[in-house]
Structure formats: C-alpha cells, structure tokens
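Protein chains: 2
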Amino acid sequence: MQFSSALLENAVNEFSRLPGIGKKTALRLVLHLLKQDPKEVERFSEVIAKMRQEIKFCQRCHNVSDGDICSVCANSMRRQELICVVESIRDVIAIESTQQFSGTYHVLGGVISPLDGIGPDQLTIAALLQRIEKEKTEELIFALSPTIQGDTTIYYIQKKLTGKQVRITTIARGIAFGGELEYADELTLGRSLQNRMPVEKYMNH
Amino acid sequence: MQFSSALLENAVNEFSRLPGIGKKTALRLVLHLLKQDPKEVERFSEVIAKMRQEIKFCQRCHNVSDGDICSVCANSMRRQELICVVESIRDVIAIESTQQFSGTYHVLGGVISPLDGIGPDQLTIAALLQRIEKEKTEELIFALSPTIQGDTTIYYIQKKLTGKQVRITTIARGIAFGGELEYADELTLGRSLQNRMPVEKYMNH
Numbered sequence: 001m002q003f004s005s006a007l008l009e010n011a012v013n014e015f016s017r018l019p020g021i022g023k024k025t026a027l028r029l030v031l032h033l034l035k036q037d038p039k040e041v042e043r044f045s046e047v048i049a050k051m052r053q054e055i056k057f058c059q060r061c062h063n064v065s066d067g068d069i070c071s072v073c074a075n076s077m078r079r080q081e082l083i084c085v086v087e088s089i090r091d092v093i094a095i096e097s098t099q100q101f102s103g104t105y106h107v108l109g110g111v112i113s114p115l116d117g118i119g120p121d122q123l124t125i126a127a128l129l130q131r132i133e134k135e136k137t138e139e140l141i142f143a144l145s146p147t148i149q150g151d152t153t154i155y156y157i158q159k160k161l162t163g164k165q166v167r168i169t170t171i172a173r174g175i176a177f178g179g180e181l182e183y184a185d186e187l188t189l190g191r192s193l194q195n196r197m198p199v200e201k202y203m204n205h
Numbered sequence: 206m207q208f209s210s211a212l213l214e215n216a217v218n219e220f221s222r223l224p225g226i227g228k229k230t231a232l233r234l235v236l237h238l239l240k241q242d243p244k245e246v247e248r249f250s251e252v253i254a255k256m257r258q259e260i261k262f263c264q265r266c267h268n269v270s271d272g273d274i275c276s277v278c279a280n281s282m283r284r285q286e287l288i289c290v291v292e293s294i295r296d297v298i299a300i301e302s303t304q305q306f307s308g309t310y311h312v313l314g315g316v317i318s319p320l321d322g323i324g325p326d327q328l329t330i331a332a333l334l335q336r337i338e339k340e341k342t343e344e345l346i347f348a349l350s351p352t353i354q355g356d357t358t359i360y361y362i363q364k365k366l367t368g369k370q371v372r373i374t375t376i377a378r379g380i381a382f383g384g385e386l387e388y389a390d391e392l393t394l395g396r397s398l399q400n401r402m403p404v405e406k407y408m409n410h
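Residue numbers (my numbering), protein chains in the order written: chain A, 1 to 205; chain B, 206 to 410.
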C-alpha cells in the first residue's frame with residue numbers, strides 16, 4: 001500500500017501488528033479514528049497506555065488486578081477455600097461471566113507442554129502448591145483444556161498433592177446444552193455415556 | 206462479560222467501539238497488548254494519538270497530508286493538470302498502490318446522496334470547480350462508485366463545467382482481469398460488450 005502521509009502509514013502499521021488484523025482492516029480502523037473527535041482518539045490512546053502501565057497481577061491468584069490483590073480474592077463473600085485452576089485470564093472472565101462460581105481462581109499462565117518448552121517452572125504451580133498448604137484449601141477444581149497437555153498438568157499437580165487433605169475435581173465434559181448429538185465428536189459422546197448422570201440431578205438444574 | 210479489573214474493562218470497551226470489533230475480539234487484542242513490552246504498547250498508543258492530532262488535509266486536494274500540501278500535490282513530477290476525482294482517502298491509497306497514475310487527486314469526501322442528507326455543499330465540489338478554473342486543468346477522471354449516487358455526482362459536476370475547456374472521463378468498467386465470465390453480473394457483462402475495445406489496444410497493455 002502507498003500512503004501519502006507517514007503519520008497515517010505509521011498508525012496503520014501499528015494496528016496491523018495486532019493479531020488477526022491485516023493491512024486492510026488496520027486502514028479501516030485508522031480511517032475510522034480519523035473521522036472521530038480528536039478528544040475521543042486521545043482517550044482511546046490514553047486508556048490503552050494506562051491499562052498496560054498500571055495493570056497488575058494478583059499476588060495470590062495471578063489474575064489481572066487493579067491492585068496487589070484482585071477483586072475476587074479481596075471479596076470476603078467468595079469461598080476462599082475453593083480454588084478453580086485455569087490456564088489464562090480469559091478463562092477467569094469466561095467463568096465469571098456465568099455468575100455460577102463463588103470460589104476463587106488460580107491462573108497457571110498455560111499448561112505443561114514440553115514441546116513448547118513449557119515445564120512446571122514456567123507456570124505458577126509452585127505458588128499454587130504453597131497457597132494450598134498455607135490456606136488449607138478444601139477443593140481444587142481443574143478447568144483446563146481437554147488436551148494431553150491439560151491432562152498432563154492435572155496429573156502433575158495431583159501427584160504433588162498426594163497425601164494432602166484436598167479434594168481434586170475437574171469441570172464436567174459432555175454434550176453442550178443445545179448441542180446436536182450427530183455433530184458431537186466420538187470421544188465426547190462416548191465419555192458422556194460413561195459419565196451419565198441421574199435424571200433427578202439433571203432436572204434440579 | 207465480567208472483568209476483575211476496571212483497567213482491563215476500559216481498554217476492552219475502547220477497542221470494541223471500533224467498527225467490526227466485538228467484545229471477544231477486543232478482549233483478544235487487549236490480552237495481546239498485555240503480553241507485550243510496556244514500551245511497545247506506549248509506542249502503539251502514542252502513534253495513534255499523534256496521527257489524529259497532527260494529520261492534516263491537503264488544502265488543494267483534501268487528501269490526508271503531513272503538511273499543508275500533500276506529497277502528491279507537492280511532487281513536481283506528477284501531472285498537475287490531470288485530476289482524478291475520488292470519494293475518499295481509501296480510494297487515493299488504492300490508486301496510488303497501482304503505481305499507474307501520474308496525475309493528482311481531488312477527494313470529494315463522499316458522493317451526492319440526498320437520502321443521506323449529502324448535497325453538493327457537504328462535499329468539496331466548490332473547491333474542485335475553483336481549482337479547475339484557477340489551474341487550467343486539462344482532464345478530470347472520475348473514479349467514483351458505479352452507483353446512482355456516483356453517477357449523480359458525475360452528472361452534477363459535469364453540468365457545472367459546461368463550456369469549460371476540460372476533458373471529462375471516467376475509469377473503465379468491465380470484467381476484472383482474472384474474472385470468470387459466468388460469475389460476472391449482467392450489467393457489467395452487457396456494458397463490457399457495448400464498450401468493447403480493439404485487440405491491438407488491449408495487447409499493448
């Protein structure tokens with residue numbers, strides 16, 4: 001692309017460095033900003049810069065936070081003895097959006113994946129183990145990807161907790177509500193038959 | 206979506222105001238920026254703000270410009286007596302990217318569209334007419350959308366130029382190179398038959 005303005009070109013280049021944003025989309029976004037009030041664009045720019053400069057990670061659960069401790073950990077209404085172990089901040093947002101979980105989180109920062117050079121030391125597993133020890137955690141719920149890497153991570157942490165008084169569970173896998181049986185993959189369908197549940201329990205939800 | 210950080214939430218909201226960017230995409234972009242070096246994000250933010258604050262519109266052709274006169278108008282190698290009339294800055298970028306045009310531009314800022322409340326006064330038509338008068342323009346090439354609005358705009362400007370010594374043309378319409386005949390719309394195919402060109406002329410390109 002040939003731009004007649006270096007200012008425009010630089011802005012397009014910056015946007016096109018974002019994931020999933022090509023040159024044409026970047027140009028569309030920049031031309032949109034160009035039509036906005038300069039104050040609106042200044043606010044856009046400031047909010048982004050401020051987010052990156054000031055955002056912190058919760059010292060307890062490694063979730064994003066505006067302070068040293070995140071709003072979930074700081075909330076005394078949440079069941080602090082219940083920890084949901086997730087891979088990323090995105091998973092915390094997904095679970096919080098269900099409004100069905102009253103415990104706390106622990107963000108691992110990924111899953112064990114030797115091929116990608118990610119071992120237990122690259123994740124926040126040591127901090128999780130210390131936390132369980134110190135806080136007398138009652139239950140650990142794993143909400144990780146149903147992949148070999150996710151399963152390896154569960155297995156590794158479970159091994160480390162041998163002999164400890166902590167209940168270890170994972171979220172239910174099965175056919176999604178609204179999911180059509182014929183489109184479900186065989187593994188999910190097979191497992192959902194094995195792990196069938198009493199109708200009374202299903203109806204209570 | 207439930208965020209545990211107001212900083213994160215504000216950043217996601219700002220991104221999701223951009224056209225074509227929903228909440229989920231906005232979150233993906235913000236989490237990407239969160240992983241980048243703070244200096245990189247600061248540069249992103251600064252380049253966007255600077256673009257909006259400092260960009261100007263060329264006083265002659267209304268294209269975006271870093272100075273009072275854009276780089277196309279300021280280039281003495283370009284044929285200043287040849288003006289390509291376009292709707293938007295995006296069209297200038299598209300034509301410049303072909304590297305086939307050696308004239309200058311005039312950005313109308315849209316086309317006449319009474320239903321959308323856009324009349325000749327909302328566009329830069331008066332400036333174009335003054336410019337043609339003053340600069341003794343030899344040729345005006347219209348590169349507008351092939352719509353009723355585009356055609357109305359051509360008709361309006363052409364009427365205003367009655368009696369003036371200026372050649373008025375429009376870019377060729379026809380089947381795209383690499384376009385399959387069977388997928389072409391009837392109007393384009395019909396017109397491309399009417400406006401057929403000598404093979405010698407075609408082969409010379």
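Glycine included, each C-beta is placed from N, C-alpha and C at the ideal position. Just so it is clear, the structure is predicted and the values come from calculations on it, not from any experiment.
Within 10 angstroms of the Cβ of residue i, are there 16 or more other Cβ atoms? Answer buried if so, exposed if not.
i	result
E391/B	exposed
A126/A	exposed
R167/A	exposed
S102/A	exposed
A381/B	exposed
V199/A	exposed
L8/A	buried
Hey, how far is the Cα of residue i from the Cα of residue j?
i	j	result
P351/B	Y105/A	57 Å
K39/A	L31/A	16 Å
A216/B	S45/A	9 Å
S210/B	C70/A	8 Å
T393/B	Y360/B	20 Å
I21/A	D271/B	25 Å
G379/B	E286/B	27 Å
L115/A	L128/A	23 Å
A254/B	A49/A	11 Å
G324/B	M256/B	29 Å
N218/B	R28/A	18 Å
T137/A	S16/A	45 Å
G190/A	M203/A	22 Å
Q358/B	G322/B	A quick correction: the sequence has Thr, not Gln, at residue 358/B. Spanning the two alpha carbons is a distance of roughly 14 Å.
L223/B	G178/A	31 Å
K261/B	A299/B	20 Å
E135/A	Q194/A	35 Å
Q36/A	A26/A	16 Å
K406/B	Q264/B	38 Å
E182/A	S192/A	14 Å
T98/A	A389/B	48 Å
R83/A	K159/A	Per the sequence presented here, residue 83/A reads as Ile, with Arg not at that position. I83/A and K159/A: Cα-Cα distance of roughly 17 Å.
E96/A	Q165/A	27 Å
What are the start and end residues of the alpha helix (DSSP H) that includes residue i?
i	result
H311/B	First-last for H311/B: G308 to V312, but that is the beta strand (DSSP E), not the alpha helix (DSSP H).
I337/B	I330 to E340
T188/A	E186 to Q194
L212/B	A211 to S221
I48/A	P38 to E54
When you compare each of the options to residue i by their alpha carbons, which one comes out closest?
i	options	result
Q258/B	V111/A, Y183/A and R43/A	R43/A
V269/B	C289/B, V312/B, L234/B and L328/B	V312/B
L34/A	R284/B, Q399/B, I376/B and S293/B	S293/B
V297/B	C278/B, E340/B and M282/B	C278/B
C61/A	Q158/A, M197/A, T162/A and R131/A	R131/A
R295/B	A184/A, E182/A, F3/A and P198/A	F3/A
A143/A	T170/A, Q149/A and T152/A	T170/A
T124/A	R191/A, I112/A and T152/A	I112/A
G315/B	Q304/B, S302/B and I353/B	I353/B
M206/B	N400/B, K228/B and P224/B	K228/B
G368/B	A389/B, R396/B, E338/B and A377/B	E338/B
D207/A	I157/A, E96/A, Q99/A and D151/A	There is simply no residue 207/A to check, as chain A begins at 1 and stops at 205 in what is shown.
R401/B	A377/B, L345/B, E387/B and V291/B	A377/B
R78/A	T25/A, Q100/A and A94/A	Q100/A
L140/A	E9/A, S97/A, V86/A and Y183/A	V86/A
V246/B	D68/A, V47/A, E96/A and L7/A	V47/A
In the structure shown, what three-state DSSP assignment does residue i receive?
i	result
K160/A	helix
S97/A	helix
A327/B	Residue identity check: residue 327/B is Gln in the sequence provided, not Ala. Looking at Q327/B - three-state DSSP - the assignment turns out to be helix.
L232/B	helix
E200/A	helix
V72/A	coil
V64/A	strand
First and last residue of the beta strand (DSSP E) that includes residue i?
i	result
L386/B	Note, L386/B: premise wrong, no beta strand (DSSP E); not H, not E.
V86/A	R79 to V86
L345/B	E344 to F347
R167/A	R167 to T170
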